[in-house]
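Novice: So the sequence lines, in the order shown, correspond to chains A and B.
Per numbering that gives the first Met the number 0, the first sequence starts with residue 0, numbered consecutively.
Per numbering that gives the first Met the number 0, the second sequence starts with residue 0, numbered consecutively.
Here it is, the structure in full.
2 protein chains.
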Amino acid sequence: MYVVIVYDVGVERVNKVRSFLREYLNWVQNSVFEGELTKAEFLKIKSRLKELIEESHDHIIFYSSRDKKYLGIENLGTPKADTSNII
Amino acid sequence: MYVVIVYDVGVERVNKVRSFLREYLNWVQNSVFEGELTKAEFLKIKSRLKELIEESHDHIIFYSSRDKKYLGIENLGTPKADTSNII
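Here it is, written out as structure tokens:
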């Protein structure tokens, strides 16, 4: 399945969330990851994010589809490079 | 059709983009709008955003589907209130 994750997470927790998501998905925009996952991986990710965030303060939205083509993805403008792991 | 728009737009332009999107869609998260659109509205929005942004600096991703149910939307945590139009 193909999954898009957009998050709005407190600055104290955002690095952990980002590092974790990078293990499974591709960074596509500030606060947006995308990628192909198995159902088991998707469940694991949701479960781990539940532990990493403060549910009363943070917010994550998951969009998912059986195949990437059903998400009708279109881009406008220029994606930034993912520099968040460069020190 | 149901459309999700996530944007990463320079601070000089973000208020214009947000105000414009709010005319057609619902704010669901920092830098994410969602909603039901006609095909004509969707074309108009893409065309207007092209004018509002700097394509060499900004980035917008559109996800769309014939019906909201095909986007498999799930939420974790707490959405923030949309306070961006409160002065």
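Just so you know, even glycine gets a beta-carbon here, dropped at the ideal spot from N, CA and C.
Please check if any C-beta of chain B sits within less than 9 angstroms of the C-beta of Ser18(A).
Specialist: It does not; no Cβ of chain B falls within 9 angstroms.
Novice: Between the C-alpha atoms of Glu50(B) and Ile4(A), what's the straight-line distance to the nearest angstrom?
Specialist: Between Glu50(B) and Ile4(A), the C-alpha separation is close to 27 angstroms.
Novice: Going along the chain, which residues of the segment 54 to 73 of chain B sit with their C-beta nearer than 8 angstroms to a C-beta in chain A?
Specialist: Answer in chain order: Glu54, Ser55, His56, Asp57, His58, Ile59, Ile60, Phe61, Tyr62, Ser63, Ser64, Tyr69, Leu70, Gly71, Ile72, Glu73.
Novice: Could you have a look at Asn29(B) and say whether DSSP puts it in helix, strand or coil?
Specialist: The answer is coil: DSSP assigns Asn29(B) none of H, G, I, E or B.
Novice: What did DSSP end up calling Ser55(B) once you bin it into helix, strand or coil?
Specialist: Coil.
Novice: Closest to Phe32(B) by C-alpha separation, out of Tyr1(B), Gly71(B), Thr77(B), would be which residue?
Specialist: Considering only alpha carbons, the answer is Tyr1(B).
Novice: Take Leu70(A) and list the residues in its own chain whose beta-carbon comes closer than 8 angstroms to its own, dropping the five residues that flank it on each side.
Specialist: Cβ neighbours of Leu70(A) beyond the five flanking positions: Tyr1, Val3, Tyr62, Ser64.
Novice: Starting from the C-beta of Gln28(A), find all residues in its chain whose C-beta is less than 8 angstroms away, skip the five residues before and the five after it, and write them out in chain order.
Specialist: Only Pro78, Lys79 meet the Cβ criterion.
Novice: What residues are listed by DSSP as bridge partners for Tyr6(B)?
Specialist: DSSP lists Ile59(B) as partners of Tyr6(B).
Novice: DSSP puts Tyr1(A) in a beta bridge; with which residues?
Specialist: Glu35(A), Ser64(A).
Novice: For Gly34(B) and Glu54(A), which I take to be in contact (beta-carbon distance under 8 angstroms), what is that distance rounded to the nearest angstrom?
Specialist: Incorrect: roughly 25 angstroms between the Cβ atoms, too far for contact.
Novice: Any C-beta of chain A sitting closer than 9 angstroms to the C-beta of Gly76(B)?
Specialist: It does: the Cβ of Gly76(B) has a partner Cβ on chain A nearer than 9 angstroms.
Novice: Given a threshold of 16 other Cβ atoms within 10 Å of its Cβ, counted over all protein chains shown, does Asp57(B) qualify as buried or as exposed?
Specialist: It is buried - the Cβ of Asp57(B) has at least 16 other Cβ atoms within 10 Å.
Novice: Which residue from Arg21(B), Ile60(B), Leu36(B), Leu24(B) puts its Cα closest to that of Val8(B)?
Specialist: Checking every option, the nearest Cα to that of Val8(B) belongs to Ile60(B).
Novice: Report the three-state DSSP secondary structure of Glu22(B) (helix, strand or coil).
Specialist: Residue state, collapsed to three classes: coil.
Novice: Name the chain A residues that come within less than 9 angstroms of Lys45(B), Cβ to Cβ?
Specialist: The contacting residues are Glu73, Leu75.
Novice: Note the first and the last residue of the continuous beta strand (DSSP E) segment covering Gly76(B).
Specialist: Gly76(B) -> beta strand (DSSP E) spans 73 to 76.
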